[in-house]
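Colleague: Have a look at this one before I ask anything.
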Amino acid sequence: DAGVTQSPTHLIKTRGQHVTLRCSPISGHKSVSWYQQVLGQGPQFIFQYYEKEERGRGNFPDRFSARQFPNYSSELNVNALLLGDSALYLCASSLGAGLGYEQYFGPGTRLTVT
Amino acid sequence: AQKITQTQPGMFVQEKEAVTLDCTYDTSDPSYGLFWYKQPSSGEMIFLIYQGSYDQQNATEGRYSLNFQKARKSANLVISASQLGDSAMYFCAMRAPGGGADGLTFGKGTHLIIQP
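Below, the structure written as structure tokens:
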């Protein structure tokens, strides 16, 4: 079975631009979460979606937004990019959104903002 | 607020030895889940093991076991008979229902290097 897939793998953008990152969950998984991992740190939670509804949001500015589609895939959008947005963006899927559901991560999208 | 602390930035271990990676956590929620993930240099986070706060027994998955000491708020990962392929970053994470967000809170990680 295919795991979580993310596209693109790498991306270079300029300050002020907009970016869209995409994620396809494991088949049968209905929840998708997004994380930002800055070099040398653990991942930071951005959003969780379950059944197309926002389930939770981390401490990120409104420049960050996301949505989940009827096929459970998801997009993360970041507007007005800053240098500090350079990071590995990880998508994770799980069967459900409850406490004990393991999250399975994709390979990530490495975003570089210049 | 939820917090995960991993106090070992890096560890060097001889192949075939057992390894203990430390993790302490802080939450006011009585119900929570604890997770360990492995991140090789390729970047992908690999799920290793899960422990629920109400689980009576310590979780085990193959060579991985979680030493859960609730009163001390610690959830150490034990890897038995380490292998060269175990070299990677290891992250401890927690999920608790409080705070409105439903995502995982991660520690800063431990860089484990297995030496032949």
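Top to bottom, those sequences are chains Z and F. Sequential numbering from -1 applies to the first sequence in my numbering. Sequential numbering from 382 applies to the second sequence in my numbering. For every residue, glycine included, the Cβ atom is placed at its ideal position computed from N, Cα and C.
1. Taking Cβ-Cβ distances below 8 Å as the criterion, which residues of the stretch 447 to 475 of chain F are in contact with chain Z?
2. I'd like to confirm the pairing. Which residues does DSSP put opposite F/Asp407 in its beta bridges?
3. Mind the definition here: the stretch 41 to 52 of chain Z touches the stretch 8 to 25 of chain Z only if three or more C-beta pairs lie below 8 Å; say whether that holds.
4. Measuring only the C-alpha atoms, how far is F/Ala462 from F/Pro497?
5. Tell me whether F/Gly446 is buried or exposed, calling it buried when 16 or more other Cβ atoms sit within 10 Å of its Cβ.
6. In whole angstroms, what is the alpha-carbon distance linking Z/Gly104 and F/Glu398?
7. Between Z/Phe43, Z/Gly38, Z/Trp32 and Z/Gly40, which has its C-alpha nearest Z/Arg65's C-alpha?
8. For Z/Gln46, which residues in the same chain have their Cβ closer than 6 Å to its Cβ, ignoring the five residues on either side in sequence?
9. What are the boundary residues of the beta strand (DSSP E) that F/Met470 is part of?
10. Any beta-carbon of chain F closer than 8 Å to the one on Z/Ala95?
11. Determine the contact status of Z/Val2 and Z/Ala90, defining contact as a CB-CB distance below 8 Å.
12. Which of helix, strand or coil does DSSP assign to Z/Leu88?
13. Kindly list, in the order they appear in chain F, the residues whose Cβ is closer than 9 Å to that of Z/Gly62.
14. Under 8 Å between the Cβ atoms of F/Met475 and F/Leu415?
15. For my contact list, F/Ile385 and F/Phe487 are in at a C-beta cut-off of 8 Å; report their separation, rounded to the angstrom.
16. What number of angstroms, rounded off, separates the C-alpha of F/Ser468 from the C-alpha of Z/Ser63?
17. Helix, strand or coil: how does DSSP classify F/Gly433 here?
18. Based on the DSSP secondary-structure assignment, which residues constitute the bridge partners of Z/Glu52?
19. Alpha carbon to alpha carbon, how far is F/Gly480 from F/Ser455?
Modeller: To lay it out plainly:
1. Phe472 and Ala474
2. Here residue 407 of chain F corresponds to residue number 26 of the second sequence, with the count starting at 1. In the DSSP assignment, the residues bridged to F/Asp407 are F/Lys384.
3. no
4. As a first step, residue 462 of chain F must be located in the second sequence, where it is residue number 81. As a first step, residue 497 of chain F must be located in the second sequence, where it is residue number 116. Cα to Cα, F/Ala462 sits roughly 12 Å from F/Pro497.
5. As a first step, residue 446 of chain F is located in the second sequence; it is residue number 65 there, counting from the start. Looking at the sequence provided, one finds Ser at residue 446 of chain F rather than Gly. Buried: at least 16 other Cβ atoms inside 10 Å.
6. As a working note, residue 104 of chain Z is residue 106 in the first sequence. As a working note, residue 398 of chain F is residue 17 in the second sequence. Whole-angstrom Cα-Cα distance: 30 Å.
7. By 1-based counting over the first sequence, the position of residue 65 of chain Z is 67. A check of alpha carbon separations from Z/Arg65 across Z/Phe43, Z/Gly38, Z/Trp32 and Z/Gly40 identifies Z/Trp32 as the nearest.
8. Taking the first residue of the first sequence as 1, we reach residue 46 of chain Z at position 48. Answer for Z/Gln46: Ser31, Arg53 and Gly54, listed in chain order.
9. For this step, residue 470 of chain F is matched to residue 89 along the second sequence. Counting along the chain, the unbroken beta strand (DSSP E) around F/Met470 starts and ends at Ala469 to Arg476.
10. Here residue 95 of chain Z refers to the residue found at position 97 when the first sequence is read from its first residue. At least one chain F Cβ lies under 8 Å of Z/Ala95.
11. One-based indexing of the first sequence puts residue 2 of chain Z at position 4. One-based indexing of the first sequence puts residue 90 of chain Z at position 92. Yes. Within cutoff.
12. On the first sequence, residue 88 of chain Z is found 90 positions in, with the first residue counted as 1. It is a strand residue.
13. Position 64 of the first sequence, counted from the start, is the residue given in the question as residue 62 of chain Z. Rather than Gly, the amino acid found at residue 62 of chain Z in this sequence is Phe. Simply none; closest approach about 13 Å.
14. Locating residue 475 of chain F in the second sequence gives position 94, counting from the first residue. Locating residue 415 of chain F in the second sequence gives position 34, counting from the first residue. A contact, by the Cβ cut-off of 8 Å.
15. The sequence position of residue 385 of chain F within the second sequence is 4, counting from 1. The sequence position of residue 487 of chain F within the second sequence is 106, counting from 1. So it is a contact: roughly 6 Å between Cβ atoms.
16. As a first step, residue 468 of chain F must be located in the second sequence, where it is residue number 87. As a first step, residue 63 of chain Z must be located in the first sequence, where it is residue number 65. Using only the alpha carbons, I get a separation of about 35 Å.
17. The residue labelled residue 433 of chain F in the question sits at position 52 within the second sequence. It is a strand residue.
18. Counting from one through the first sequence, the residue named residue 52 of chain Z turns up at place 54. In DSSP, Z/Glu52 forms a bridge with Z/Tyr47.
19. On the second sequence, position 99 is the one that residue 480 of chain F refers to. On the second sequence, position 74 is the one that residue 455 of chain F refers to. Low per-residue confidence applies at F/Gly480: pLDDT is 48, beneath 50, and the placement is therefore not dependable, though the value from the model is reported in the following sentence. Going from the Cα of F/Gly480 to the Cα of F/Ser455 covers about 21 Å.
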